[in-house]
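K.L.:
Residue numbers (the numbering used here): 727 to 951. We put the beta carbon where it would ideally sit given N, CA and C, even for glycine. After the structure tokens below, expect a handful of questions from me.
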Ligand SMILES: C[S@@+](CC[C@H](N)C(=O)[O-])C[C@H]1O[C@@H](n2cnc3c(N)ncnc32)[C@H](O)[C@@H]1O
């Protein structure tokens, strides 16, 4: 069961129309924005990529054209409606696997993936679950593999315009307002990630952060230490 403070467990009509909703929110630019983010991951033919919270499978399909038929794409999600759309979209592709799996619970992967991707999901978890997800990714990645986090950037919400404060405090989940204040590089560093790179989108409110697995992780530590 997810936190009562999250909104990333998308269900019902919102889930059934998720892609359309995102296109409307982004004024028709969502597909293009995701294409730019995925292009920046520099996925190579034959790469194995893990997508945590893979949603409707739209992103997996975009990755497929880079990973090619020799690649392996694994999408994890718990949303029934989201998964149904992903199955329709890319469930028939032989090198795509879709699994009903809570990403904060132990994952059945050890050093199997070249890249891992989590898009607009991580902000919706309590701190201890963020730690578990990061530890899961650390274990699932091959040495030198890269963890890509596409999510809200880090900023001081108190200095942002009224409509941004409104969006983060009244529309988004309370966890999102905490996420923008989090030094995620520090957390990743404690789990053996480094060699960070980033690309900013949407007036710098959204960040694609790449973190390379540079050493064995110590397991879950504690936030704010
Ligand atoms: C905001 S949507 C993002 C979907 C997709 N990553 C994208 O960028 O289009 C969040 C997704 O995370 C999934 N999700 C939420 N909590 C999860 C959990 N604990 N384990 C696995 N998936 C989860 C939801 O079902 C939903 O598909």
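(1) Does the separation of the CB atoms of residue 800 and residue 789 fall below 7 Å?
(2) Buried or exposed: residue 782, going by 16 or more other Cβ atoms within 10 Å of its Cβ?
(3) What number of angstroms, rounded off, separates the C-alpha of residue 756 from the C-alpha of residue 890?
(4) Near residue 881, which residues of its chain fall below 7 Å by C-beta distance, leaving aside the five closest residues on each side in sequence?
(5) From the DSSP output, in three-state form, read off residue 948 for me.
(6) Looking only at DSSP bridge pairs, what is residue 877 linked to?
(7) Return the Cβ separation of residue 829 and residue 859 in integer angstroms, given the expectation that the two are a contact with Cβ distance under 8 Å.
(8) Would residue 847 pass as a contact of residue 734 if the rule is Cβ separation under 7 Å?
(9) Return the chain-ordered list of same chain residues with a C-beta closer than 6 Å to the C-beta of residue 947, the five sequence neighbours on each side being excluded.
(10) Tell me whether residue 755 sits in a helix, a strand or coil according to DSSP, three-state version.
(11) Under DSSP, the beta strand (DSSP E) around residue 961 begins and ends at which residues?
(12) State the DSSP-derived secondary structure class of residue 856, mapped to helix, strand or coil.
(13) What separation, rounded to the nearest whole angstrom, lies between the Cα atoms of residue 949 and residue 786?
(14) I believe residue 805 touches residue 773 by the beta-carbon criterion, under 8 Å. Please report the beta-carbon distance rounded to the nearest angstrom.
(15) Where does the unbroken beta strand (DSSP E) through residue 926 begin, and where does it stop?
(16) Would you mind stating whether residue 938 and residue 872 have Cβ atoms separated by less than 7 Å?
(17) Taking 8 Å as the limit between beta carbons, can you name the residues of its chain near residue 918, skipping five residues before and five after?
(18) In whole angstroms, what is the alpha-carbon distance linking residue 895 and residue 903?
(19) Report yes if the C-beta distance between residue 729 and residue 898 is below 7 Å; otherwise report no.
P.N.:
Answer, in terms of the structure:
(1) Position 74 of the chain shown, counted from the start, is the residue given in the question as residue 800. Position 63 of the chain shown, counted from the start, is the residue given in the question as residue 789. With contacts defined by Cβ atoms closer than 7 Å, residue 800 and residue 789 do not form a contacting pair.
(2) Numbered from its first residue, the chain shown carries residue 782 at position 56. Per the 10 Å Cβ criterion, buried.
(3) One-based indexing of the chain shown puts residue 756 at position 30. One-based indexing of the chain shown puts residue 890 at position 164. Roughly 19 Å separates the two Cα atoms.
(4) Within the chain shown, numbered from 1, the residue matching residue 881 stands at position 155. When the five nearest sequence neighbours on each side are left out, the beta carbons in the same chain lying within less than 7 Å of the beta carbon of residue 881 are those of 906, in order along the chain.
(5) Counting from one through the chain shown, the residue named residue 948 turns up at place 222. Here the model assigns residue 948 a pLDDT of 43, short of 50, so the residue's position is not dependable, and the following value carries that caveat. Secondary structure of residue 948 (DSSP, three-state): coil.
(6) The residue you call residue 877 lines up with position 151 of the chain shown. 933.
(7) By one-based count along the chain shown, residue 829 stands at place 103. By one-based count along the chain shown, residue 859 stands at place 133. Rounded, the Cβ-Cβ distance is 5 Å, consistent with contact.
(8) For this step, residue 847 is matched to residue 121 along the chain shown. For this step, residue 734 is matched to residue 8 along the chain shown. It is a contact, given that the beta carbons lie within the stated cut-off.
(9) Along the chain shown, one-based indexing puts residue 947 at 221. Confidence in residue 947 is poor, its pLDDT being 44 and thus under 50, which makes the residue's placement unreliable; the coordinate value appears in the next sentence. These residues qualify, in order along the chain: 916.
(10) As a position in the chain shown, residue 755 is number 29, starting the count at 1. Residue 755 falls in the coil class under three-state DSSP.
(11) This structure gives no information on residue 961, because the portion of the chain shown stretches from 727 to 951.
(12) Sequence index remark: in the chain shown, residue 856 carries index 130 (1-based). In the structure shown, residue 856 falls within a helical segment according to DSSP collapsed to helix, strand and coil.
(13) For the purposes of this step, residue 949 is taken as the residue at position 223 of the chain shown. For the purposes of this step, residue 786 is taken as the residue at position 60 of the chain shown. Residue placement at residue 949 cannot be trusted, given a pLDDT of 45 that sits under 50; what the coordinates show is reported in the next sentence. Distance between the alpha carbons of residue 949 and residue 786 is about 31 Å.
(14) Locating residue 805 in the chain shown gives position 79, where the first residue counts as 1. Locating residue 773 in the chain shown gives position 47, where the first residue counts as 1. Contact flag wrong, Cβ pair sits at about 25 Å.
(15) The residue given as residue 926 occupies position 200 in the chain shown. It spans 919-927 - the beta strand (DSSP E) in which residue 926 sits, taken as one unbroken run.
(16) Position 212 of the chain shown holds residue 938. Position 146 of the chain shown holds residue 872. In contact: residue 938 and residue 872 (Cβ atoms closer than 7 Å).
(17) Locating residue 918 in the chain shown gives position 192, where the first residue counts as 1. Excluding sequence neighbours, residue 918 sits near 864, 939, 940, 941, 942, 943 and 944.
(18) Locating residue 895 in the chain shown gives position 169, counting from the first residue. Locating residue 903 in the chain shown gives position 177, counting from the first residue. So the two alpha carbons sit approximately 7 Å from each other.
(19) Counting from 1 along the chain shown, the entry for residue 729 is found at position 3. Counting from 1 along the chain shown, the entry for residue 898 is found at position 172. Not in contact: residue 729 and residue 898 (Cβ atoms no closer than 7 Å).
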